[in-house]
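Heads up: the structure comes next, in structure tokens.
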Amino acid sequence: MAGRRFRPLSIPLLLAVLLTACAGDGQVARTRLPAEADGTAAAAVAGPAAAAPQEAALPTPPALPRIAVKEVLGFSRNDLVAAFGAPAFSRVDKGAEILRFRGEGCVLDVFLYKDRAGGPARVAHFEARDAAGKAADREACVNATPRARG
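Throughout, the working numbering is defined as the position within the sequence shown, counted from one, plus 1267.
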């Protein structure tokens, strides 16, 4: 019989506790620690959630293999686009296709010609120049031009 009386009393008591918890202004009071003046204790009390978020360091991808000048000679248009991305400029002029690729501080002008066997046009010549238009090292420019990772 004592169990029956306990049950009806526990519901109003539970409701009173819940209403008291909800009636607050939502702020949590806390005591200040003596070392909080310099902020060290505040960071320690706040825990890792309040600490400045640290980004996970992404692994550095391995360097792309270097491309030699002799490799570029003979590239098709598809090979060039796969290696350097879309050209910044393209033009067909008297049987030659001229493509321009921009790299870090340099520009590649590539000249493709069709061979006599009817195959795809291939790089027969290319030039490299710096931003001022002066001749630049071709191999350095080839390797400074954006390249895709495959």
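Think of the CB as a built atom: it goes at the ideal place given N, C-alpha and C, for glycine as much as any other residue. These numbers come from a predicted model, not from an experiment.
- Assignment of A1411 by DSSP, reduced to helix, strand and coil, places it in the helix class.
- Of the residues assessed, V1409 falls on the buried side of the cut-off, its CB having 16 or more other CB atoms within 10 angstroms.
- T1412 counts as buried, since no fewer than 16 other beta carbons sit within 10 angstroms of its beta carbon.
- With 16 or more other Cβ atoms from the protein chains shown falling within 10 Å of its own Cβ, A1350 counts as buried.
- Going by C-alpha positions, K1381 is about 28 angstroms away from G1400.
- With respect to F1393, V1377 sits close: the two C-beta atoms are nearer than 8 angstroms.
- The beta carbon of G1341 sits closer than 8 angstroms to the beta carbons of R1389 and V1390 from its chain, once the five residues preceding and following it are set aside; these are given in chain order.
- Looking at the DSSP output, A1395 bridges to L1375.
- For the pair A1363 and L1347, the CB atoms are not nearer than the 8 angstroms cut-off.
- By the criterion of a C-beta distance shorter than 6 angstroms, R1358 is surrounded in its chain by I1365, once the five residues flanking it on both sides are discounted.
- Under the criterion of beta carbons closer than 8 angstroms, G1372 and A1398 qualify as touching, at roughly 6 angstroms.
- DSSP links R1333 through a beta bridge to no other residue.
- Separation of the CB atoms of R1383 and V1374 is rounded to 30 angstroms, and the pair is thereby denied contact status at 8 angstroms.
- In this chain, the alpha helix (DSSP H) harbouring D1346 covers R1344 to F1351.
- When DSSP states are grouped into helix, strand and coil, R1383 belongs to the coil group.
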